[in-house]
Amino acid sequence: MPRAEMPAELEKIYGRLGFADTISGRNQADRFLMGLLRAFADAVLLGAGTLRATPGHHWTPDHIYPDMASAFAELRMTLGRKPRPRLVLLTASGNVEVSHAAVIGGATVVTTASGAARLRQRLPDSCDVIEIGESGLLDLSRAVEELRGRGYEAILTEGGPHVMGELLARRLLDEAFVTISPVVAGRSDESRLGMVAGVEFLPGREVWSKLLSVRRHGDFLFLRYDLRSSASP
Ligand SMILES: NC(=O)c1ccc[n+]([C@@H]2O[C@H](COP(=O)([O-])OP(=O)(O)OC[C@H]3O[C@@H](n4cnc5c(N)ncnc54)[C@H](OP(=O)(O)O)[C@@H]3O)[C@@H](O)[C@H]2O)c1
206 MPRAEMPAEL EKIYGRLGFA DTISGRNQAD RFLMGLLRAF ADAVLLGAGT
256 LRATPGHHWT PDHIYPDMAS AFAELRMTLG RKPRPRLVLL TASGNVEVSH
306 AAVIGGATVV TTASGAARLR QRLPDSCDVI EIGESGLLDL SRAVEELRGR
356 GYEAILTEGG PHVMGELLAR RLLDEAFVTI SPVVAGRSDE SRLGMVAGVE
406 FLPGREVWSK LLSVRRHGDF LFLRYDLRSS ASP
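For the record, in the sequence shown the residue sitting at position 131 is 336 according to the working numbering, with numbers rising by one throughout.
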């Protein structure tokens, strides 16, 4: 259905999803891979923008691919991981939806002193707060250090675009898993966020990667990149 003809309610849902589900077509292999990556993670790191845009979601392996819930649980046990990856939320403003199901389930909020002041009385007991800096955008290198200090070794990020941009700019990402979906998106006048926002890399600040593996499932491609050395080819 062309966007112009969409009922307002559907349009709102499309807006919230950032078209992610539309682009992937809810492809089962893609969802399985997301589940597998979450199953390996000690923590899943997100920007508050992604949380705000995704009501009702849980960043757990079983939520994205329920059919493999018991296999994911067994894998976590074998790896010595806790039953669920810890949700980690980044916010400068402290504008976190405290009634979001994933927040109620337990999250670590990384924020500034002013964000923490806004949140403290509102967060459920299942949550804790890491405070870095006074206000404004906090230093993500310090955030990663703090998380490592709390035992979160394998940290998966699912973005969104602003967090992805900052992590890439600070060279904090080791690897990227990219799915190529065989659908053409396109843009009209409306701007829409891509994989990276808020930072420009080309020309001048190139981030090259090394292709580690390619897998195919039907018409979808699953690519794994190493980002640790950014030397141009
Ligand atoms: N696979 C996909 O297609 C995919 C994946 C993820 C997200 N998305 C989409 O992306 C859109 C959201 O984009 P976004 O760029 O706004 O999301 P985002 O990167 O998740 O969130 C941005 C927010 O994170 C917080 N933040 C980022 N860097 C920070 C720092 N250094 N210090 C403190 N806080 C920091 C700020 O929160 P405060 O404003 O609270 O200060 C900022 O506004 C949604 O439509 C979502 O559905 C799509």
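Glycine included, every Cβ here is placed at the ideal spot set by N, Cα and C.
Model, not experiment: these values are computed from the prediction.
Suppose you measure from the CA of residue i to the CA of residue j; what does that come to, to the nearest Å?
{"i": "SER270", "j": "LEU295", "result": "A quick correction: the sequence has Tyr, not Ser, at residue 270. Their Cα atoms are separated by approximately 25 angstroms."}
{"i": "LEU242", "j": "GLU411", "result": "26 angstroms"}
{"i": "LEU372", "j": "TYR357", "result": "17 angstroms"}
{"i": "LEU432", "j": "ALA381", "result": "7 angstroms"}
{"i": "SER275", "j": "ARG347", "result": "35 angstroms"}
{"i": "SER418", "j": "ARG325", "result": "44 angstroms"}
{"i": "LEU378", "j": "VAL293", "result": "16 angstroms"}
{"i": "ASP226", "j": "ARG353", "result": "31 angstroms"}
{"i": "MET273", "j": "GLY285", "result": "18 angstroms"}
{"i": "ALA234", "j": "ALA390", "result": "20 angstroms"}
{"i": "VAL303", "j": "ASP333", "result": "12 angstroms"}
{"i": "PRO288", "j": "PRO408", "result": "43 angstroms"}
How about residue i: is its Cβ closer than 7 angstroms to a heavy atom in ligand 1?
{"i": "LEU343", "result": "yes"}
{"i": "PRO290", "result": "no"}
{"i": "LEU238", "result": "no"}
{"i": "ALA253", "result": "yes"}
{"i": "GLU371", "result": "yes"}
{"i": "ASN300", "result": "yes"}
{"i": "ALA322", "result": "no"}
{"i": "ALA381", "result": "no"}
Let me check understanding here. Comparing Cα to Cα, which of the options lies closest to residue i?
{"i": "ASP344", "options": "PRO329, ALA374, HIS263, ARG257", "result": "ALA374"}
{"i": "THR259", "options": "SER298, ASP267, ALA306", "result": "ALA306"}
{"i": "HIS268", "options": "PRO290, GLN326, GLU336", "result": "PRO290"}
{"i": "GLY254", "options": "PHE237, MET239, GLY299, VAL419", "result": "GLY299"}
{"i": "ILE309", "options": "ARG420, ALA278, HIS367, ARG327", "result": "ARG327"}
{"i": "HIS263", "options": "MET239, GLU336, LEU284, ARG286", "result": "MET239"}
{"i": "ILE228", "options": "ARG429, GLY399, GLY409, GLU405", "result": "GLY399"}
{"i": "ARG236", "options": "TRP413, GLY261, THR265, ARG257", "result": "THR265"}
Using DSSP's beta-bridge definition, name the partner residues of residue i.
{"i": "THR362", "result": "LEU250"}
{"i": "LEU426", "result": "ILE385, ARG421"}
{"i": "ASP333", "result": "THR313"}
{"i": "ALA379", "result": "Checking the sequence, you will find Asp at residue 379 rather than Ala. Paired residues: none, contrary to the question."}
{"i": "ASP267", "result": "Answer by DSSP bridge pairing: none, since ASP267 is not bridged."}
{"i": "LYS415", "result": "ASP431"}
**Request:** Mind the definition here: the segment 406-425 touches the segment 379-389 only if three or more C-beta pairs lie below 8 angstroms; say whether that holds.
**Result:** Two segments are said to touch when three or more pairs of C-beta atoms, one from each, lie closer than 8 angstroms; by this definition the segment 406-425 touches the segment 379-389.
**Message:** Across the segment 356-363 and the segment 245-261, are there enough close Cβ pairs to call them in contact, namely three or more that are closer than 8 angstroms?
**Reply:** yes
**Message:** Under 8 angstroms: do the segment 307-320 and the segment 334-351 share three or more Cβ pairs, one atom per stretch?
**Reply:** The segment 307-320 vs the segment 334-351: in contact.
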